[in-house]
Amino acid sequence: MSSEQFQETYESIHSTGTRLLQYLQEIEEGRRSEGNNSEGLHGIEDELHKALEALQEQKYQVAVIAAMKAGKSTFLNAMIGADILASESEACTVCRTDVRLLKAGQVPRLLEYRQGQRQPILISEGDSGKIRQDFLERTHQIRENNNSDNTTRFELWHSIEAISKYSSLTGFTLVDTPGPNEWESVGFNTVALKQTALEALRTCNAILFVLDYSSFKDNTNSELLQDLI
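All you need for the working numbering is the position in the sequence shown, starting with 1, plus 8.
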């Protein structure tokens with residue numbers, strides 16, 4: 009099914025459900041005005057409400073993973089529609105980053121989650137350039153202090169240009185995960201981070217594996233596939 013067909017199906021189901029809900033509400037109001045019991049209809053109405061909410065809030069997680077310097081950040085930035093994820097000669101991804109779809113009118117922001125803390129820490133907010141710089145600086149800090157703050161993941165709230173036309177994907181999340189040689193390039197113990205990232209990959213709806221055509225046969229890529237399987 010193409011993205012256009014998926015959107016059309018979503019709109020058809022949502023429109024049909026909304027009309028049915030309105031019809032039930034009209035019948036219920038008519039029965040109440042006649043003094044009749046409408047509890048049965050009210051129960052159906054509640055279930056229909058829940059179904060429509062579940063349709064609108066459906067979560068879709070797509071993970072993107074690659075060996076270091078395979079072009080993952082460039083690919084993700086193209087999907088997001090902004091140059092917001094840093095790309096350097098060294099590995100830039102030290103732990104998982106969830107890119108979540110921002111609602112209209114909200115300010116883009118970057119949050120950091122740490123082990124043992126329920127509430128995230130605001131790292132940056134505002135335009136893409138500022139978030140990119142602050143994100144890169146925070147990544148450098150994590151590397152330099154060997155992740156002494158026990159950072160587990162980041163959460164980036166931003167518009168995602170690639171799906172901006174599809175109201176059916178309001179629950180869409182891009183998951184940026186470190187590749188195997190990115191884990192090995194840092195100076196601290198990343199066993200827990202790697203395990204968390206792999207578990208996240210296994211629970212995603214889809215995984216996009218970005219390959220550098222000049223080195224796609226490297227052992228790094230085959231080892232990652234083995235880890236996932």
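C-beta: ideal position from N, C-alpha, C; glycine also.
Inset, instruction - Let me know the secondary structure DSSP gives residue 139 once reduced to three states. - result: In the three-state DSSP reduction, residue 139 falls in the helix class (H, G or I).
Inset, instruction - Select from 139, 36, 147 and 144 the residue whose C-alpha is nearest the C-alpha of residue 165. - result: 139
Legend entry - Nearest to residue 52 (by Cα), restricted to the options 106, 32 and 95: 32
Inset, instruction - Indicate whether residue 118 and residue 130 have their beta-carbon atoms separated by less than 9 Å. - result: yes
Inset, instruction - Could you please give the first and the last residue of the uninterrupted alpha helix (DSSP H) stretch that includes residue 88? - result: Secondary structure note for residue 88: its alpha helix (DSSP H) is the uninterrupted segment 80-88.
Inset, instruction - Could you tell me whether the Cβ atoms of residue 169 and residue 113 are closer together than 9 Å? - result: Taking a C-beta distance under 9 Å as the contact criterion, residue 169 and residue 113 do not qualify as a contact pair.
Legend entry - Rounded separation between residue 37 and residue 20 - CA only: 26 Å
Legend entry - Alpha-carbon to alpha-carbon, residue 66 and residue 160: Here the alpha carbons of residue 66 and residue 160 stand approximately 25 Å from one another.
Legend entry - DSSP-derived helix/strand/coil call for residue 146: helix
Legend entry - 6 Å CB neighbourhood of residue 83 in its chain, flanking five on each side removed: Sequence-distant Cβ neighbours of residue 83 in its own chain, meaning closer than 6 Å and more than five residues away, are 218.
Inset, instruction - Please work out which residues of its chain come closer than 6 Å, Cβ to Cβ, to residue 171, disregarding the five sequence neighbours upstream and downstream, and give them in chain order. - result: 177 and 180
Legend entry - Opening and closing residue of the beta strand (DSSP E) in which residue 69 lies: 68-74 is the span of the beta strand (DSSP E), which, as asked, contains residue 69.
Inset, instruction - Return the bridge partner residues of residue 112 from the DSSP annotation. - result: The partner list for residue 112 (beta bridge, DSSP) is empty, contrary to what the question assumes.
Inset, instruction - Just tell me which of 71, 93 and 26 has its CA closest to the CA of residue 208. - result: 71
Legend entry - Terminal residues of the beta strand (DSSP E) in which residue 181 lies: Start and end: 180-184.
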